[in-house]
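First residue of the sequence shown: 1431, per this note's numbering; consecutive thereafter. Just so it is clear, CB atoms sit at the ideal spot from N, CA and C, and this is done for glycine as well. Remember, predicted model here, so these are calculated numbers, not experimental data.
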Amino acid sequence: MKRTPLFEWDCYGLTLVVLAFVLTVLVSALAYKYIEIALSNKLKKFLLESFKHTNRSPTAVRTG
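#1: In whole angstroms, what is the alpha-carbon distance linking I1467 and A1450?
#2: Would you report the Cα separation of L1517 and V1448, rounded to the nearest angstrom?
#3: Excluding five sequence neighbours on each side, which residues of the same chain lie with their C-beta closer than 7 Å to the C-beta of G1499?
#4: So what does DSSP say about M1431, is it helix, strand or coil?
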């Protein structure tokens, strides 16, 4: 009974799975970072525009 080819294939498959997982994590982390930066810029613009017309500070608490 030769178990070497199966073992080699298992190692190859495992390596592929690990590489695919690492690449997926890297790509999603980069995409998340870029999306986060874009969203934060849009959010900053929106907040600046909305608070430009009021005298209140953005952290002011509304009281009933």
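Let's see:
#1: Here the question's residue 1467 lines up with position 37 in the sequence shown. Here the question's residue 1450 lines up with position 20 in the sequence shown. One C-alpha to the other measures close to 26 Å.
#2: Shown here, the chain extends from 1431 to 1494; a query on residue 1517 therefore has no answer.
#3: A query on residue 1499 cannot be resolved here, the shown segment of the chain reaching from 1431 to 1494 and no further.
#4: Working through the sequence shown from its first residue, we reach residue 1431 at position 1. For M1431, the pLDDT reaches just 49, beneath the cut-off of 50, and the residue's location in the model is therefore unreliable, although a value from the coordinates is still provided. Three-state result, M1431: coil.
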